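>
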Amino acid sequence: MKILQKLKISRELARLERKAKENPSPSTYVDLAQVHVNLGSVDETLRVAEEGLALFPNAEELKRVLKFAKKSRMNTRIRELRSRINKSPAPVLYRELASIYLELGDFSAVQGACEECLRRFPEDSGALLVLGQARLKNFYRDLTVSDGLEAVACLEKAFTLDQACIKAARLLAEVFYRVGAIDRSRQYMERLRGMEPDDKELQILWQEVKESENQGNDLENLFREVEARGRFVNGPPGSSPKLRKIASNSAMSGLKKSLMRLADTQGVRKAAYIKGSKALVRGEIKSARDPFLRAVRVISRSAQRTSRRMDIGSFNKGVLDGPFGQILLCSLGDVVASVLAVEGANTEMILSRMQDMVAGALYAGLGRERT
Amino acid sequence: MQRILAELNEEVGVKGSAVVTEDGILVTSALSSSMQGEVISALSSFLISTTKRALTECGMEHFGRFIITSTHGKLVLVTLPKSYLVVVADQFINLDVTLLTIQGAAKKLEKMSQINV
Chain A
-17 MKILQKLKIS RELARLERKA KENPSPSTYV DLAQVHVNLG SVDETLRVAE
33 EGLALFPNAE ELKRVLKFAK KSRMNTRIRE LRSRINKSPA PVLYRELASI
83 YLELGDFSAV QGACEECLRR FPEDSGALLV LGQARLKNFY RDLTVSDGLE
133 AVACLEKAFT LDQACIKAAR LLAEVFYRVG AIDRSRQYME RLRGMEPDDK
183 ELQILWQEVK ESENQGNDLE NLFREVEARG RFVNGPPGSS PKLRKIASNS
233 AMSGLKKSLM RLADTQGVRK AAYIKGSKAL VRGEIKSARD PFLRAVRVIS
283 RSAQRTSRRM DIGSFNKGVL DGPFGQILLC SLGDVVASVL AVEGANTEMI
333 LSRMQDMVAG ALYAGLGRER T
Chain B
4 MQRILAELNE EVGVKGSAVV TEDGILVTSA LSSSMQGEVI SALSSFLIST
54 TKRALTECGM EHFGRFIITS THGKLVLVTL PKSYLVVVAD QFINLDVTLL
104 TIQGAAKKLE KMSQINV
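Protein chains in written order, with the numbering used here: chain A, -17 to 353; chain B, 4 to 120.
(1) In the structure shown, what three-state DSSP assignment does R350 (chain A) receive?
(2) Reducing DSSP to helix, strand and coil, say where L83 (chain B) ends up.
(3) Under three-state DSSP, which class holds C312 (chain A)?
(4) Any C-beta of chain A sitting closer than 8 Å to the C-beta of V120 (chain B)?
(5) Consider the Cβ of T353 (chain A): report whether some Cβ of chain B lies at a distance smaller than 8 Å.
(6) When you compare the CB positions of S167 (chain A) and A155 (chain A), do they come within less than 8 Å of one another, or not?
(7) How would you write the range of the beta strand (DSSP E) that S36 (chain B) sits in, first residue to last?
(8) Reducing DSSP to helix, strand and coil, say where N120 (chain A) ends up.
(9) Name, going along the chain, the residues of the stretch -13 to 21 of chain A whose beta-carbon falls closer than 8 Å to a beta-carbon of chain B.
(10) Determine which residues of the stretch 287 to 302 of chain A have a Cβ less than 9 Å from any Cβ of chain B, and write them out in chain order.
(11) For E64 (chain B), which residues in chain A fall below 9 Å Cβ to Cβ?
(12) Of all the residues that make up the stretch 40 to 71 of chain B, which are near chain A by a beta-carbon distance shorter than 8 Å?
(13) What does R251 (chain A) touch in chain B if you count any residue whose Cβ is under 7 Å from its own?
(14) Would N20 (chain A) be called buried (16 or more neighbouring beta carbons within 10 Å of its own) or exposed?
(15) Rounded to the nearest angstrom, what separates D93 (chain B) and M292 (chain A) at their Cα positions?
(16) Mind listing the chain A neighbours of S73 (chain B)? Cutoff is C-beta to C-beta under 7 Å, in chain order.
(17) Residues of chain A with CB closer than 7 Å to the CB of G76 (chain B), please, in chain order.
(18) Check each residue of the stretch 265 to 287 of chain A: if its Cβ is closer than 7 Å to any Cβ of chain B, include it; give the result in chain order.
(19) Please work out which residues of its chain come closer than 6 Å, Cβ to Cβ, to F141 (chain A), disregarding the five sequence neighbours upstream and downstream, and give them in chain order.
(20) Just the chain A side, please: which residues come within less than 9 Å of Q94 (chain B) by C-beta, in chain order?
(21) Quick check: what's the CA-CA separation for T54 (chain B) versus S284 (chain A)?
(22) Which first and last residues belong to the alpha helix (DSSP H) in which V263 (chain A) is found?
(23) Sorted by chain position, which residues of the same chain lie with C-beta nearer than 7 Å to P73 (chain A)'s C-beta, five sequence neighbours on each side aside?
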């Protein structure tokens, strides 16, 4: 590539990177990723797509870019692994190959790689684990008894061969819990708790297992019931209303901290986080009935409606200047963060904090209005 | 007025501009073919009046400038003595630079309206 061309591309990249930071939007990230794709830089494409998806988790185009980049990277690795296996086969190479196929969703390739590995290395727990994971994935998707039972057989064998295989035990504990085989799940959970005492996800699963009732010990029957009903006895760990409330409380505490930090920023007089009819407020706001909140709601709704009808997309940010100083708005879905700042406040920094708060706190429920 | 708007539209990223009154009358416009003057003035008027009303309710009289950033574009409203300058831009515009030109155009329009009065 000529020097001038390189310089031009690096300038374009720098411009887009800056734009993505200053004014993030799914299309900005897609444009940036596209430049990296054209340059053949897969790692950078992945990084940009992941960064974009962290901010805009529902952006379909970004998801496609991520999938494409992952596939490109994995295809290169598949070729490398195949060539190494041909020269000198080893269980670790098969395991990686099967894991890549699993991530790509190519089940027959997973099965092929694992069976080939098991023919050569019958005592390899790794291949059994990946095969079990693939079967389990199919079971969770289609609820077919054969996939479920095959998955359990592979994972149990993997765990028998390697008693330190936490992943196999964890998957077994979870699938048993979901189909209602609570006693079996408890057995694995007790072992897992000894192996990973500080694991938060395991603690959540343990909590739910403890509170659930055993539906029976005939596995085949339990799997059949799940298939016939078309749903699991228990939802995924962490989905029970009680635990959702705990998760929501923890998200709320993070939200309150962010809002406090925002209100403490130099030049900020009022700070509010609004979701639907509820609001959290900080700064010079006396109560949740402060007219500032109503003004923010009205202005952001009008801005949203105007943006859409003018065909300029969804309203993200607004800066309103006047003798009162500045009103800054940041909106995503039904969430609006707003700040009343004095003139001369660091608008960019405040907006960036507001954006972080809105993006990170979307899943936090607001319990009640408060000051 | 048309000349001022046409000059403003030459800035990189500016898609069109117009001068509208709060009650939705289109004073003048320089918009691309994809934008309809009446639609822009009606929507701007809606945004201006609701924003002004909301501000008045919390004792904040009026605003001088309102910048909206959306996923596919930006909208800038600047208050003039009896009207508003509306600028529609694409999402890639560097407003740090273009805002100076927009403010300059607003000043020129302001002077012009004083002469007209």
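Don't be surprised by glycine CBs; every beta carbon is placed ideally from N, CA and C. In this text, all values refer to a predicted model and were calculated from it rather than measured experimentally.
Answer, in terms of the structure:
(1) Here R350 (chain A) scores only 37 on pLDDT, less than 50, and its place in the model is too uncertain to base an answer on.
(2) coil
(3) strand
(4) With a pLDDT of 47 at V120 (chain B), under the threshold of 50, the modelled position of that residue is not reliable, and no figure is offered here.
(5) Summary for T353 (chain A): the model assigns pLDDT 32, below 50, so the residue's position carries little reliability, and this model does not support an answer.
(6) yes
(7) Unbroken run through S36 (chain B): none, as it is neither H nor E.
(8) helix
(9) K1, N5, S7, P8, S9 and T10
(10) R287, T288, S289, R290, R291, M292, D293, I294, G295, S296, F297, N298, K299, G300, V301 and L302
(11) G304, P305 and F306
(12) V42, I43, L46, S47, F49, L50, T53, T54, R56, A57, L58, E60, C61, G62, M63, E64, H65, F66, G67, R68, F69, I70 and I71
(13) None at all; the shortest Cβ gap to chain B is about 12 Å.
(14) exposed
(15) 12 Å
(16) S289, I294, G295, S296, F297 and N298
(17) I294 and G295
(18) P273, F274, R276, A277, V280, I281, S284 and A285
(19) C147, A150 and A151
(20) K1, N5, S7, S9, T10, I294 and G295
(21) 8 Å
(22) Premise fails: V263 (chain A) lies in the beta strand (DSSP E), K260 to G265, not in any alpha helix (DSSP H).
(23) C99, F103, D106, G108 and A109
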